[in-house]
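To keep things clear, I will list the structure first and then write my remarks on it.
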Amino acid sequence: MDSESIIKATESLKIKASSKLYKGNKIRVKWRIAEGDVHAINGYKVYKSTKAQSGYKYMGKTKKLYMDNKKGLKKGKRMYYRVRAYKVIDGKTYYSDYSNKANRIYK
């Protein structure tokens with residue numbers, strides 16, 4: 014695959030995210046590639062917010078298809094998460110669109 018094809022493959026990925034309470038003290042955000050070539054990417058970046066439409070902050074990056082959130086959780090508060098894939102080519106980072114918003118109330 015040439016660079017141009019890899020960039021197009023990365024930018025066209027469709028990611029479906031979900032979340033669940035995990036081991037009682039964290040929220041696990043999981044995702045899957047709903048459409049596209051997973052082999053075209055370097056990893057995923059995850060963002061979180063307490064608001065559905067704004068305020069998303071970078072949570073971290075991973076090569077796995079999940080990430081656990083333990084920080085900033087308050088009982089009864091809903092958290093929102095978005096994920097996007099990335100690929101670095103010649104020092105420049107290319108991104109997929111953001112996933113759907115996954116949300117969970119921390120109990």
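Residues in the sequence shown are numbered consecutively from 14, following our numbering.
Positions of the beta carbon are idealized from the N, C-alpha and C atoms, including for glycine.
Look up residue i in the DSSP assignment and give the residues it is bridged to.
i, result
"Met92", "Arg117"
"Ile102", "Lys105"
"Asn82", "Ile40"
Grab me the residues of residue i's own chain with a C-beta within less than 6 Å of its C-beta, minus the 5 sequence neighbours each way, in chain order.
i, result
"Tyr108", "Arg97, Tyr99"
"Asp50", "Ala22"
"Leu86", "Tyr119"
Just curious, the alpha helix (DSSP H) that residue i is in, first and last residue?
i, result
"Ile20", "16–24"
Between residue i and residue j, how many whole angstroms is the CB-CB distance? I'm expecting something under 8 Å.
i, j, result
"Ile40", "Arg117", "5 Å"
"Ala22", "Ala53", "4 Å"
"Tyr93", "Lys64", "7 Å"
Taking the straight line between their C-alpha atoms, what separation do you get for residue i and residue j?
i, j, result
"Lys83", "Tyr111", "22 Å"
"Gly73", "Arg91", "19 Å"
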